[in-house]
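Numbering (the working numbering), first residue to last: 264 to 317. Reading through the C-alpha cells given below for one structure.
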C-alpha cells in the first residue's frame, strides 16, 4: 500500500471522526449548533476544493 493511499484513508476517516465529534457535542449541549456549523464547513470546504486547480 502506498503512502498516498494511506494518507487518503486517514483523511477520510478524520473527516468522519470530526462529524461524530460534532454530533457528540450537540447531544451533550442539547443544542444542534455544532452539527449545523459542521455541515456548513463541510459544504464550504467542498466548494473551495472544487475551485482549486489540480
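Note that beta-carbon positions come from the ideal geometry of N, C-alpha and C, so glycine has one too.
Under three-state DSSP, which class holds residue i?
i: residue 246; result: Outside the modelled stretch of the chain, which goes from 264 to 317, sits residue 246, for which no answer is possible.
i: residue 282; result: helix
i: residue 271; result: helix
i: residue 293; result: coil
Is the beta carbon of residue i sitting closer than 8 Å to the one on residue j?
i: residue 301; j: residue 285; result: yes
Measuring only from the beta carbon, is residue i closer than 7 Å to any heavy atom that is part of the ligand GDP?
i: residue 295; result: The model depicted lacks the ligand GDP and carries no ligand whatsoever.
query = Are the region 292-299 and the region 271-280 touching, with three or more C-beta to C-beta distances below 8 Å?
reply = At 8 Å Cβ cutoff, the stretches do not touch.
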